[in-house]
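Visitor:
Numbering (full-length UniProt numbering), first residue to last: 1 to 84.
#1: Look at the alpha carbon of residue 59 and the alpha carbon of residue 33, and state the distance between them as a whole number of angstroms.
#2: If you reduce the DSSP assignment to three classes, tell me which class residue 2 lands in.
#3: Thinking C-alpha only, which one of 41, 42, 64 and 40 is nearest residue 50?
#4: Report back the beta-carbon spacing between residue 86 and residue 36 to the nearest angstrom; my notes put them in contact at under 8 Å.
#5: Return yes when the Cβ of residue 71 is within less than 9 Å of the Cβ of residue 57, no when it is not.
#6: Within 10 angstroms of its Cβ, does residue 2 collect 16 or more other Cβ (buried), or is it exposed?
#7: Mind checking which residues open and close the alpha helix (DSSP H) that includes residue 69?
#8: Within the continuous alpha helix (DSSP H) that includes residue 36, where are the two ends?
#9: Under the three-state reduction of DSSP, which class applies to residue 51: helix, strand or coil?
Below you can see the structure in the form of structure tokens.
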């Protein structure tokens, strides 16, 4: 019978890894609501491409040159029209 290596013994003594954090919002409307909630709480969108991606997922046509503020306003209007 083989004796476990010192590394194996050390690894067996360490605490188990914590469970992975739950994933964020998955569906398009949830992502849009989370974006607007973060902005309303005083945050600023750091990645204009992500804002554009959320808008496109909602079915909005967005130019790459469109200002982020305009895109956020359109997302906000879309959510209000959806009832959220």
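All C-beta atoms in this analysis are idealised placements derived from N, C-alpha and C, irrespective of residue type, glycine included.
In this text, all values refer to a predicted model and were calculated from it rather than measured experimentally.
Guide: Taking the coordinates as given:
#1: The sequence position of residue 59 within the chain shown is 59, counting from 1. The sequence position of residue 33 within the chain shown is 33, counting from 1. For residue 59 and residue 33, the distance between alpha carbons rounds to 15 Å.
#2: What you label residue 2 is simply residue 2 of the chain shown in a count that begins at 1. Three-state result, residue 2: coil.
#3: Locating residue 50 in the chain shown gives position 50, where the first residue counts as 1. It is 64.
#4: This structure cannot speak to residue 86, because the chain is shown only from 1 to 84.
#5: One-based indexing of the chain shown puts residue 57 at position 57. One-based indexing of the chain shown puts residue 71 at position 71. Cβ atoms of residue 57 and residue 71: not closer than 9 Å.
#6: As a position in the chain shown, residue 2 is number 2, starting the count at 1. So residue 2 ends up on the exposed side.
#7: Residue numbering aside, residue 69 sits at position 69 when the chain shown is read from its first letter. Membership of residue 69 in the alpha helix (DSSP H) is indicated by the continuous run 68–82.
#8: Position 36 of the chain shown, counted from the first residue, corresponds to residue 36. Boundaries of the alpha helix (DSSP H) around residue 36: 28–40.
#9: Residue 51 sits at position 51 when you count from the first residue of the chain shown. In the three-state scheme derived from DSSP, where H, G and I count as helix and E and B as strand, residue 51 is classed as helix.
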